[in-house]
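One structure is given below, encoded as structure tokens.
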Amino acid sequence: MDSQSLFFSLELVAGSGNTLNVEQRAALQTSLVILQKNYKFQRVLLWGKVLGLKADYFIAQGRGEDEMKDRKNLYSLNCVDWFLLPPATVPLIDQVSSAAKGRFTGDPSHVYEHRDIRRRGDGDEEEEVVTKVNEEIRLAVTVHHIEEEVSVVPRGAFVKSPHGLVQINRSFCGLSYSESGKLDSFLHFSEPKNLKKKSLLETSQLNPAIDFLDVLSDDIPKGSWSLQFECGSKVCVLRSLLWLGLTFYHLPMTPQHGYIYIGDGAKNLDLAFML
Amino acid sequence: MERKQDSSEGTLQAVALLKTTMLKQSSKSGLNLNPAADKVMVDSRKLRSTGLHSDVSMKDTPTELELTENVCTLAHISVKLSYSYDHLTRVLIKVMDEQPQDVVDVIEDISRDVKRALFEDKQSILRDLPQTTAAELLAEQQRPLFSRPENNEQEDELQQETPLPNVSEIAFYLEQAGVGLGREEMQRIFLALKQLVESQELLCCRLWGKILGTVSSYIVAEAECREGEEEEEPISDEAAEEEERETETQESDENEMDPLPQSTYKPPPVVPKEPIGTGTNKCVYYVCKEPGLPWVKLPSVSPAQIAAARQIRKFFNGKLEAPVNSYPPFPGNEANYLRAQIARISAGTQVSPQGFFQTGEEEGDEEDEAPRDSYEVNSDFEGVPVNEMAESLSTWVHHGHHILPQGRCIWINMAVNSEDLNEEGEAEEKEEPDEPEPEVGPPLLTPLSQDVEMFNTPPWTSKMSSTLTPQHAVAVLRSNLWPGAFAYACGGKKFENIYVGWGLKYAGEGYSPPLPPQPQREYPSDSEITEALDPSLEEEQALKEVLEEQQDAQEELEDTDEEDEDDG
Numbered sequence: 043m044d045s046q047s048l049f050f051s052l053e054l055v056a057g058s059g060n061t062l063n064v065e066q067r068a069a070l071q072t073s074l075v076i077l078q079k080n081y082k083f084q085r086v087l088l089w090g091k092v093l094g095l096k097a098d099y100f101i102a103q104g105r106g107e108d109e110m111k112d113r114k115n116l117y118s119l120n121c122v123d124w125f126l127l128p129p130a131t132v133p134l135i136d137q138v139s140s141a142a143k144g145r146f147t148g149d150p151s152h153v154y155e156h157r158d159i160r161r162r163g164d165g166d167e168e169e170e171v172v173t174k175v176n177e178e179i180r181l182a183v184t185v186h187h188i189e190e191e192v193s194v195v196p197r198g199a200f201v202k203s204p205h206g207l208v209q210i211n212r213s214f215c216g217l218s219y220s221e222s223g224k225l226d227s228f229l230h231f232s233e234p235k236n237l238k239k240k241s242l243l244e245t246s247q248l249n250p251a252i253d254f255l256d257v258l259s260d261d262i263p264k265g266s267w268s269l270q271f272e273c274g275s276k277v278c279v280l281r282s283l284l285w286l287g288l289t290f291y292h293l294p295m296t297p298q299h300g301y302i303y304i305g306d307g308a309k310n311l312d313l314a315f316m317l
Numbered sequence: 004m005e006r007k008q009d010s011s012e013g014t015l016q017a018v019a020l021l022k023t024t025m026l027k028q029s030s031k032s033g034l035n036l037n038p039a040a041d042k043v044m045v046d047s048r049k050l051r052s053t054g055l056h057s058d059v060s061m062k063d064t065p066t067e068l069e070l071t072e073n074v075c076t077l078a079h080i081s082v083k084l085s086y087s088y089d090h091l092t093r094v095l096i097k098v099m100d101e102q103p104q105d106v107v108d109v110i111e112d113i114s115r116d117v118k119r120a121l122f123e124d125k126q127s128i129l130r131d132l133p134q135t136t137a138a139e140l141l142a143e144q145q146r147p148l149f150s151r152p153e154n155n156e157q158e159d160e161l162q163q164e165t166p167l168p169n170v171s172e173i174a175f176y177l178e179q180a181g182v183g184l185g186r187e188e189m190q191r192i193f194l195a196l197k198q199l200v201e202s203q204e205l206l207c208c209r210l211w212g213k214i215l216g217t218v219s220s221y222i223v224a225e226a227e228c229r230e231g232e233e234e235e236e237p238i239s240d241e242a243a244e245e246e247e248r249e250t251e252t253q254e255s256d257e258n259e260m261d262p263l264p265q266s267t268y269k270p271p272p273v274v275p276k277e278p279i280g281t282g283t284n285k286c287v288y289y290v291c292k293e294p295g296l297p298w299v300k301l302p303s304v305s306p307a308q309i310a311a312a313r314q315i316r317k318f319f320n321g322k323l324e325a326p327v328n329s330y331p332p333f334p335g336n337e338a339n340y341l342r343a344q345i346a347r348i349s350a351g352t353q354v355s356p357q358g359f360f361q362t363g364e365e366e367g368d369e370e371d372e373a374p375r376d377s378y379e380v381n382s383d384f385e386g387v388p389v390n391e392m393a394e395s396l397s398t399w400v401h402h403g404h405h406i407l408p409q410g411r412c413i414w415i416n417m418a419v420n421s422e423d424l425n426e427e428g429e430a431e432e433k434e435e436p437d438e439p440e441p442e443v444g445p446p447l448l449t450p451l452s453q454d455v456e457m458f459n460t461p462p463w464t465s466k467m468s469s470t471l472t473p474q475h476a477v478a479v480l481r482s483n484l485w486p487g488a489f490a491y492a493c494g495g496k497k498f499e500n501i502y503v504g505w506g507l508k509y510a511g512e513g514y515s516p517p518l519p520p521q522p523q524r525e526y527p528s529d530s531e532i533t534e535a536l537d538p539s540l541e542e543e544q545a546l547k548e549v550l551e552e553q554q555d556a557q558e559e560l561e562d563t564d565e566e567d568e569d570d571g
């Protein structure tokens, strides 16, 4: 959620139980301004908090001109000192998926080790492969996965220019109440995967400037989102059941929207049993 | 097809005509005509000369006779065009009324204005259908929360001790700990709790927490039940049904000549519920979906439900009556499932600073084995410093009963119980069951440092709420086994537990549902049923010889016997 609207938007997502305390909020208001200046970001978002066993990571996201591609993630343990997270590349993702297990510890230099015994082609020769990954990289990969899979924006909040630049739609004035009660008014804010597979008939209704993202209602399995109206039925709140802890809010009829992840950084792999 | 062509032709002509008249107007006002416009004019004249002439006399459009003629021609072309005809008339009248300087430039605007004027007139007839939104309905329902009681007993209320907890204060400390439901929401819950306390006349009430569901969430309040109050439950339906079934089968046995084979399966005896006020049913729980909506009392929990809840992993839906579709099947609906999870969470995460509570029996040395099942507030408790509470887990103790694998807090010997139930049971059965090992859990008020580590994860995380001002910070405890369970302790004697989450236990590396039980054997496998190889001829002959030999031997024996008798 945007650092500018932090002082009221945290209240709106508090229905999930997790908030930030006053000290952290005050610290964020100060440090995020400095962060924006130092890294020359267009805007800074408080992305969320990953709960560790000993300490928690606060994650901020800086966005450049292109809201989709110019993103940088930073983490902090005390809401004041921010460190850049490395970009999640494919080899890093592979390493993390094989080595990292269990909960986050809260120490960025904690090393996860995984020993794998592979057999060479002829059979008898055994080779031990040790994958080592530190928690900072795991954090970067986890943030990347969450961004990829469950970051949400309301339809129309961002426009894509003919040059491919994705920017905030200044004339977006919010979904109506009836629209915000439906999952197809919300889009994944990541590179689309299903859009190209759609038939001509389906895409004929779409507006290429707005509908350049995947729709939430196409997600598999069905029912991986919980949509509710909270705070006296005035705020539309979406919770991901795949990544428990991701909460999105949107005030219908206003351009206010945002999401935050406060959770233990584990994907809910048991979702299929739980619906 | 023809018609369509007609109309499209008509429109074209209409446009041409319009252009003509406009040009005429503009020429009148001194503009030069360009050749294209001339052409249009010629075209339109041709049109008129081709015999589409009209004798329909139009309403008197003033002054310009030619104009009227044009429009009349247009009217004649197609009846379908009546709308555009009307529109054109209006546009032209407007043009002539206003006599603007450059009609060609503004004709589109004039046309649009005319259309809009028409539309606005019509719109005033339609009224907005007032629709009640969910927000309005909820606001109506929440309105009574904010109404002040009229009677003047407030002074008395202030003096006497109230069962209502100070939720605002709790919310303040919880916010320090990074937990909360939003300040306004907390205030609403506070008022709703007040309503609950007043309507149910509870002795003690506490905000237990909130359980999130996929459609709506539950706000849970915990209350201590009054003594002597028993839940009036209809005699458990299942048992009654079973009895009925038995009687039915007996009757049918008498009637039928050839009774169907009876199932030899006997269900294991049902572990009885704990009575209200003890163990898992120590407290009663009320839930509501939104503050202001009515509170619903949850049914008491049975050991079978707890056992089933341990094996399944399901999200809550948000409807209390909804069935729980799961494997293994859950006995009951979502209200029972919710109650079972609440019991489990309470048992696992209700903690307090060590020394705040003390066990009831002080001379308990003699009966050390008996589980201590009651505690009372220690009046001499001094309070533990916050930094100590944040550092070591041994300063915290469980004050919730551990639930045994049986699904009860206090172990009950089922072997003894079943004998009592069917006294007519054969004597053999009585000897059979070995005396089962009683299940023992950790006693009440066990320090958290003795909790078992599961999935290589320490069960609790403790820290200070603030690193900058530790002098006034709050010690925060977060459960890792039940994500969403928190406890705080501050200053001397203030502490509170809350749970806000999905009502699910941490399952480590993924959950795997229990396998279905082995299928029942169709028949007992013994020698009579098993298939054997047919004997060969040699084997049969060998068998025959053996049999004959035996016979001979027997006959010989008999002969000797007879001889003996003869001798005798």
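Residue numbers (our numbering), protein chains in the order written: chain A, 43 to 317; chain B, 4 to 571. Positions of the beta carbon are idealized from the N, C-alpha and C atoms, including for glycine. The model shown is predicted, which means the values in this text are computed figures rather than measured ones.
- CA-to-CA, the gap between Val477 (chain B) and Gly181 (chain B) works out to about 11 Å.
- The Cβ atoms of Arg411 (chain B) and Gly280 (chain B) lie no closer than 7 Å to each other.
- Contact annotation: in the segment 304-320 of chain B, residues whose CB is within less than 9 Å of a CB in chain A are Ile315, Arg316, Lys317, Phe318.
- Within the segment 454-466 of chain B, Phe458, Asn459, Thr460, Pro461, Thr464, Lys466 place their CB atoms closer than 9 Å to a CB of chain A, listed in sequence order.
- When DSSP states are grouped into helix, strand and coil, Gln209 (chain A) belongs to the strand group.
- Of the candidates B:Phe319, B:Leu396, B:Pro264, B:Gln104, the residue whose Cα lies closest to the Cα of Gly216 (chain B) is B:Phe319.
- With contacts defined as CB atoms closer than 7 Å, Phe290 (chain A) and Leu280 (chain A) qualify as a contacting pair.
- Note that the C-beta distance between Ala350 (chain B) and His404 (chain B) is below 7 Å.
- Between the alpha carbons of Gly223 (chain A) and Asn284 (chain B) lies a distance of about 39 Å.
- In this structure, Asp312 (chain A) places its C-beta atom within 7 Å of the C-beta atom of Arg316 (chain B).
- The count of Cβ pairs closer than 8 Å, one atom from the segment 133-142 of chain A and one from the segment 106-121 of chain A, stays below three, leaving the stretches out of contact.
- Rounded to the nearest angstrom, the gap between the Cα atoms of Glu534 (chain B) and Gln523 (chain B) is 21 Å.
- Below the 7 Å Cβ cutoff, chain B contributes no neighbours of Lys111 (chain A), its closest Cβ being approximately 33 Å away.
- For Phe49 (chain A), same chain residues with a beta-carbon under 8 Å away, outside a window of 5 residues either side, are Arg67, Gln71 in chain order.
- Across the structure, Pro326 (chain B) and Phe315 (chain A) are spaced so that their CA atoms are roughly 15 Å apart.
- When only Cα atoms are considered, Glu204 (chain B) and Ile173 (chain B) end up about 22 Å apart.
- Within chain A, the C-beta atoms nearer than 9 Å to that of Arg186 (chain B) come from Glu53, Ala56, in chain order.
- In the DSSP assignment, Gln137 (chain A) falls within the alpha helix (DSSP H) that extends over 132-141.
- Of the candidates A:Ile101, A:Ser220, A:Arg105, A:Glu109, A:Ile101 places its Cα closest to the Cα of Asp123 (chain A).
- Under DSSP, Met457 (chain B) forms a beta bridge with B:Thr460.
- In the DSSP annotation of this structure, the continuous segment of the beta strand (DSSP E) that includes Glu379 (chain B) starts and ends at 378-380.
- Around the beta carbon of Leu288 (chain A), 16 or more other beta carbons sit within 10 angstroms, so the residue counts as buried.
- DSSP, reduced to helix, strand and coil, places Asp312 (chain A) outside both helices and strands of the structure shown, so it counts as coil.
- Taking a beta-carbon distance threshold of 7 Å, Asn236 (chain A) does not count as an interface residue toward chain B.
- Pairing Val192 (chain A) with Phe146 (chain A) gives a Cβ-Cβ distance that is not under 7 Å.
- Residues Ser45, Arg85, Val86, Gly104 of the same chain have their beta carbon placed closer than 8 Å to that of Gln78 (chain A), with the five preceding and five following residues left out of the count.
- Judged by DSSP in its simplified three-state form, Arg191 (chain B) adopts helix.
- Taken through DSSP and simplified to helix, strand or coil, Ala174 (chain B) comes out as helix.
- Neighbours of Tyr514 (chain B) in chain A, taken as residues whose beta carbon is under 9 Å from its own, are Leu311, Asp312, Phe315, Met316 in chain order.
- Assigned with DSSP and collapsed to three states, Pro147 (chain B) falls in helix.
- In this structure, DSSP gives Tyr288 (chain B) an extended state, which the three-state scheme calls strand.
- Excluding sequence positions up to five before and after Asp226 (chain A), its CB lies within less than 6 Å of the CB of Val257, Ser259, all in the same chain and listed in chain order.
- Residues are counted here when their Cβ sits less than 8 Å from a Cβ of chain B; for the segment 203-222 of chain A these are Tyr219, given in chain order.
- The C-beta distance from Tyr502 (chain B) to Ala488 (chain B) rounds to 5 Å, short enough to meet the 8 Å contact threshold.
- Assigned with DSSP and collapsed to three states, Glu512 (chain B) falls in coil, not helix or strand.
- DSSP places Glu107 (chain A) outside both helix and strand once states are collapsed to three, so it counts as coil.
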